[in-house]
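Undergrad: Here it is, the structure in full.
In the working numbering, the protein residues as written are 58 to 294.
Put into structure tokens, the structure is as follows:
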């Protein structure tokens with residue numbers, strides 16, 4: 058078969074892969090939005106009341122549905138990414154006066170969204186890597202807990218280090234702690250054939266209870282809250 062005959066097949070294969078990669082996340086987002094919209098509709102008394110007169114006044118019911126869903130998702134969007142008007146206003150003030158306070162307030166929602174989402178994204182990526190290798194790592198949450206505790210301990214217990222050493226060290230401690238916790242069910246599977254799904258689920262709960270004990274005991278900061286002491290500024294990211 059000539060190269061010209063092979064190229065259309067290769068092209069179709071490449072397009073199919075791109076379509077598959079894009080389609081699955083798009084369907085996941087669409088499904089989440091659809092289910093969320095249904096929950097919003099059935100929990101809004103005004104929408105339910107409007108649907109009581111649907112056959113006599115369907116336009117009012119549909120308009121009430123759209124208003125309820127749009128208001129909820131609009132608030133969710135602004136809370137997650139910020140207001141475009143506030144961002145423009147903050148940029149205008151920054152370029153005219155050099156004042157950053159208003160701009161920082163405008164971008165605060167998206168920065169907090171990144172702070173909250175990043176652990177989930179990276180933890181999900183770690184699970185996906187195992188899935189690609191045929192291993193079902195259900196213990197990512199427990200590994201995340203242990204890694205976070207290790208990072209926090211290195212972050213607050215070691216003082217006097219420069220930031221270019223302390224920050225990578227704290228990150229490395231978190232990675233090493235999570236890897237060590239995940240290595241336990243890996244060893245049990247390799248040595249004794251114990252199923253990784255059962256082991257990783259059980260290891261999750263051990264990690265939860267261990268973190269409860271550490272945060273109310275050896276690693277607890279002063280006060281009533283079960284939290285660690287603040288990490289040193291040289292370990293802050």
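Even glycine gets a Cβ: it sits at the ideal position worked out from N, Cα and C.
#1: Residue 260 by DSSP, collapsed to three states: which one?
#2: Would you grab the beta carbon distance between residue 138 and residue 166 for me? Rounded to a whole angstrom, and I think it's under 8 Å.
#3: In three-state terms, what does DSSP make of residue 275?
#4: Is it the case that the Cβ atoms of residue 121 and residue 104 are separated by a distance below 8 Å?
#5: Kindly confirm or deny that the stretch 262-269 and the stretch 185-194 touch, where touching means at least three C-beta pairs closer than 8 Å.
#6: Between 170, 200, 177, 212, which lies nearest to residue 135 when the distance is taken from Cα to Cα?
#7: Classify residue 77 as helix, strand or coil using the three-state DSSP reduction.
#8: Three or more C-beta pairs closer than 8 Å, one from the stretch 205-213 and one from the stretch 272-286: is that the case here?
#9: Could you give the distance in angstroms between the alpha-carbon of residue 221 and the alpha-carbon of residue 100?
#10: Locate the alpha helix (DSSP H) running through residue 223, then write down its first and last residues.
#11: Please report the residue range of the alpha helix (DSSP H) in which residue 145 lies.
#12: Which of the three DSSP states is assigned to residue 176 in this structure?
#13: Just how far apart, CA to CA, sit residue 159 and residue 141?
#14: With burial defined as no fewer than 16 other Cβ atoms inside 10 Å of the residue's Cβ, what is the status of residue 238: buried or exposed?
TA: Walking through what the data contain:
#1: Secondary structure at residue 260: helix, using DSSP grouped into helix, strand and coil.
#2: With 8 Å as the limit, residue 138 and residue 166 qualify as a contact, their Cβ atoms being about 6 Å apart.
#3: If DSSP states are grouped into helix, strand and coil, residue 275 belongs with coil.
#4: In this structure, residue 104 lies closer than 8 Å to residue 121 by Cβ.
#5: Taking a contact to require three or more Cβ pairs closer than 8 Å, the stretch 262-269 and the stretch 185-194 do not qualify as touching.
#6: The shortest C-alpha separation from residue 135 is found at 170.
#7: Note: residue 77 maps to helix in three-state DSSP.
#8: Yes: the two stretches touch, three or more of their Cβ pairs being nearer than 8 Å.
#9: As the crow flies, the alpha-carbon of residue 221 is around 51 Å from that of residue 100.
#10: 220-249 is the span of the alpha helix (DSSP H), which, as asked, contains residue 223.
#11: First-last of the alpha helix (DSSP H) with residue 145: 141-154.
#12: In the structure shown, residue 176 sits in a helix (DSSP, three-state: H, G or I).
#13: The alpha-carbon atoms of residue 159 and residue 141 are separated by roughly 13 Å.
#14: Counting Cβ neighbours within 10 Å, residue 238 comes out buried, since at least 16 surround it.
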